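K.L.:
First, the structure itself, so that you have it in front of you.
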Amino acid sequence: MHGTAQPEPGEIAVVRRLPGGFALWLGLALSLLASLPALVAWAPQMTDYPSHLAGYKIAVDYGLDPFLTRYFTFRWEWTGNLGAELLMVPLSAVFGVEAAGRIVVALIPALTGLAIMAVSMALYRRVGVGAILALCTIWSPSLLMGFLNWSLSLALALLALALWIVMEGKAWRPVVFVLVGFVVWLSHVSGWGVMGVLVFGYEWSRRRSWKDWRPFLAPWPMIFPLLPMLLGLGSNDKVSYGSWVMQYKWGILYKAMRSNIYWLDVTSLCAVLAVLALALLLRRFDARMGWAALLLLVLTLVVPRQIFGGDYADYRLSTTALMVACLAVDLATPVWALVLASALFLTRTGVTTVAWHRDAQEARDLIAALDHVPEGARVATAVAIPRSQWKFGPFEHFGSYAVVRRSAMENSNFALPDVHMLSMRDSDYRFADPTQRILYSGGQQIDLRKFRPANHADFLWFIGTVEPVALPDGAHVIYSTEHSFLARLANPVDGG
């Protein structure tokens with residue numbers, strides 16, 4: 157890795173043959189185009205999105221809607237996981253909850269792309285092939301799963317790094333970054349951690365010797381969010397590596413670009429890794445981003461899967477390490493290289509766009525089931541999920557739309573005490589994520605007579621491509637589609 161990333165004389169001639177500002181305008185256009193999936197689908201087709209939307213609905217209507225107030229408890233907490241929630245409060249007041257959620261989802265990939273461009277311009281005063289390749293990681297597994305707060309915080313962390321570089325030598329930079337640190341932390345604590353790694357890596361690359369301690373002190377203005385964390389405000393100390401750790405860790409590395417199509421995602425990863433290897437071989441790998449990429453890779457391997465009450469804490473970092481490594485690529489930027497990198501981005505974004513449009517059409521049929529559900533009903537959702545599925549299923553939390561549109565009590569929400577701001581008011585039985593999930597292998601039969609949430613509900617909403625072999629006793633199907641049905645339940649155990 158090299159430190160200053162100055163192009164070789166021959167490379168300067170290549171860059172100068174480009175039309176003025178071509179690469180920058182290309183990068184800006186592609187950044188905005190990253191939002192295309194959210195623009196073509198009437199609702200974002202992210203795995204967790206419906207449950208996040210239900211949480212936003214409860215947050216803004218809590219105390220106003222009698223059913224939501226009856227079924228749920230909600231308490232605002234100043235915690236490092238509020239990015240989308242803080243945006244939703246003003247946006248939902250103007251556009252309504254569903255439209256506001258779609259605006260937030262469309263904003264995040266575009267903002268991430270623009271942040272990548274900002275870092276590239278701050279480092280190199282130009283946009284190169286590395287920055288265009290970094291765009292290919294925007295629709296990461298984390299974003300496709302619907303980790304909105306984390307994804308927003310990553311965009312803010314990249315913008316913070318660009319600002320850190322631009323403000324170098326300014327006496328008031330520490331004051332600015334005290335505020336910046338809290339803003340990124342409020343969005344998501346992991347994004348705040350990534351920001352610290354980025355700044356440390358940048359400063360470490362400029363050390364004068366191995367005994368130079370200044371890089372360790374450089375990020376000090378951003379350290380103050382540790383105070384509320386140490387005080388335990390909105391924090392959760394549950395930590396877990398899960399089972400089969402080595403197999404799982406290998407999985408999150410080779411699935412770093414997982415999205416919709418196995419062969420395309422693996423091929424994309426191999427193509428990006430080939431460019432990274434070429435940059436390392438030619439010594440055109442900028443240490444200012446390279447050290448941060450290496451640290452993020454190490455953290456991917458050592459960080460627990462579950463931390464601060466959230467899942468896939470390490471999986472978020474694998475794609476981030478890849479993105480940052482791409483930004484370290486300082487190869488020459490002829491037009492053909494930019495076109496190839498752009499083609500990869502356009503292909504991946506196009507596949508996601510088509511998948512979202514197709515899934516959104518099916519979602520229209522699914523959500524019509526709610527026309528048969530009265531306000532304030534109790535709905536048990538069962539979603540059949542094949543264990544071998546590569547793409548992130550968009551319907552795993554779809555039942556949460558019963559909360560959004562019918563103020564229902566429903567069992568796929570993120571509503572666990574001491575983990576989420578939202579929880580169920582009746583804690584006598586568990587009626588929250590992941591009770592809706594039914595994981596099955598090939599040939600396995602699904603018997604809904606054993607589905608426990610149905611014992612506490614008025615309706616059973618099943619979603620899946622396999623047909624159950626049995627329903628709860630007395631259940632009567634009142635609406636169905638090719639891959640779903642809604643059944644009225646008879647005599648729930650608790651008398652509903």
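End of the sequence shown sits at 652 in this note's numbering; the numbers just go up one at a time, nothing left out. We treat Cβ as the ideally placed atom computed from N, Cα and C, and that holds for glycine. Keep in mind the model is a prediction, meaning the values are calculated, not measured.
Assign residue 366 to one of three DSSP states: helix, strand, or coil.
P.N.:
coil
K.L.:
Relative to the alpha-carbon of residue 581, which residue among 225, 423, 219, 216 has its alpha-carbon at the smallest distance?
P.N.:
225
K.L.:
May I ask you to report which of helix, strand or coil DSSP gives residue 208?
P.N.:
helix
K.L.:
Out of 624, 628, 212, 521, which has the shortest C-alpha to C-alpha gap to residue 255?
P.N.:
212
K.L.:
Can you tell me whether residue 545 is helix, strand or coil according to DSSP?
P.N.:
coil
K.L.:
Could you give the uninterrupted runs of the alpha helix (DSSP H) lying entirely in the segment 224-265, keeping only those of 4 residues or more?
P.N.:
239-251
K.L.:
According to the neighbour-count rule (16 or more other Cβ atoms, all chains shown, within 10 Å of its Cβ), is residue 387 buried or exposed?
P.N.:
exposed
K.L.:
Using the three-state DSSP reduction, which class does residue 421 fall into: helix, strand or coil?
P.N.:
Note: residue 421 maps to helix in three-state DSSP.
K.L.:
In chain order, what residues of the same chain lie with their CB nearer than 6 Å to the CB of residue 636, ignoring the 5 residues before and after it?
P.N.:
Excluding five sequence positions before and after residue 636, none of the CB atoms of its chain fall closer than 6 Å to its own CB.
K.L.:
Is it buried or exposed for residue 443, if we count other Cβ within 10 angstroms and need 16 for buried?
P.N.:
buried
K.L.:
For residue 566, which residues does DSSP report across the bridge?
P.N.:
Bridge pairing for residue 566: 535 [DSSP].
K.L.:
What does the Cβ neighbour count give for residue 413, buried or exposed, with the cut at 16 atoms within 10 Å?
P.N.:
buried
K.L.:
So what does DSSP say about residue 642, is it helix, strand or coil?
P.N.:
strand
K.L.:
Considering Cα atoms alone, identify which of 347, 291, 511, 449 is closest to residue 469.
P.N.:
347
K.L.:
Do residue 206 and residue 556 have their CB atoms nearer than 8 Å?
P.N.:
Going by C-beta atoms, residue 206 is nearer than 8 Å to residue 556.
K.L.:
Tell me which residues share the same chain as residue 639 and place their Cβ nearer than 6 Å to its Cβ, disregarding the 5 neighbours each side in the sequence.
P.N.:
Contacts found: 621.
K.L.:
Tell me the residue span of the beta strand (DSSP E) that contains residue 637.
P.N.:
632-637
K.L.:
To the nearest angstrom, report how far apart residue 644 and residue 623 are at their CA atoms.
P.N.:
Taking the Cα positions, residue 644 is about 17 Å away from residue 623.
K.L.:
Is the distance from the Cβ of residue 342 to the Cβ of residue 239 below 8 Å?
P.N.:
yes
K.L.:
Taking 8 Å as the cut-off, does the segment 358-371 touch the segment 436-455 (at least 3 CB pairs, one atom from each stretch)?
P.N.:
yes
K.L.:
For residue 262 and residue 487, what's the separation of their Cα atoms in angstroms?
P.N.:
For residue 262 and residue 487, the distance between alpha carbons rounds to 31 Å.
K.L.:
Is residue 381 buried or exposed, if buried means 16 or more other CB atoms sit within 10 Å of its CB?
P.N.:
buried
K.L.:
Can you find a heavy atom of the ligand MN that lies under 7 Å from the Cβ of residue 586?
P.N.:
The ligand MN is not part of the structure shown, which contains no ligands of any sort.
K.L.:
Whose C-beta lies closer than 7 Å to the C-beta of residue 597 among residues of the same chain, with five residues either side of it excluded?
P.N.:
543
K.L.:
Can you look up residue 540 in the DSSP assignment and give me helix, strand or coil?
P.N.:
strand
K.L.:
Return the first residue and the last residue of the beta strand (DSSP E) that residue 578 is part of.
P.N.:
578-580
K.L.:
Within 10 angstroms of the Cβ of residue 592, are there 16 or more other Cβ atoms? Answer buried if so, exposed if not.
P.N.:
buried
K.L.:
What did DSSP end up calling residue 269 once you bin it into helix, strand or coil?
P.N.:
helix
K.L.:
Distance, Cα to Cα, residue 160 vs residue 270?
P.N.:
For residue 160, the pLDDT reaches just 46, beneath the cut-off of 50, and the residue's location in the model is therefore unreliable, although a value from the coordinates is still provided. Each residue's CA atom was taken as its position, placing residue 160 and residue 270 some 23 Å apart.
K.L.:
Taking the alpha carbon of residue 350 as the reference point, which residue from 524, 453, 433 has its own alpha carbon closest?
P.N.:
453
K.L.:
Does the segment 182-199 come close enough to the segment 491-507 that 3 or more CB-CB pairs lie under 8 Å?
P.N.:
Cβ pair count under 8 Å is three or more, so yes.
K.L.:
Tell me which residues share the same chain as residue 279 and place their Cβ nearer than 8 Å to its Cβ, disregarding the 5 neighbours each side in the sequence.
P.N.:
161, 321, 442, 444, 445, 483
K.L.:
CB residue 523 to CB residue 594, shorter than 8 Å?
P.N.:
no
K.L.:
Does residue 281 come out as helix, strand or coil in the three-state DSSP assignment?
P.N.:
Residue 281 falls in the coil class under three-state DSSP.
K.L.:
Can you name the start and end residues of the alpha helix (DSSP H) that residue 471 belongs to?
P.N.:
It spans 471-483 - the alpha helix (DSSP H) in which residue 471 sits, taken as one unbroken run.
K.L.:
If you scan the segment 280-312 from start to end, which runs of the alpha helix (DSSP H) of 4 or more residues do you find wholly inside it?
P.N.:
Segments of the alpha helix (DSSP H) lying fully in the segment 280-312: 285-291, 297-301.
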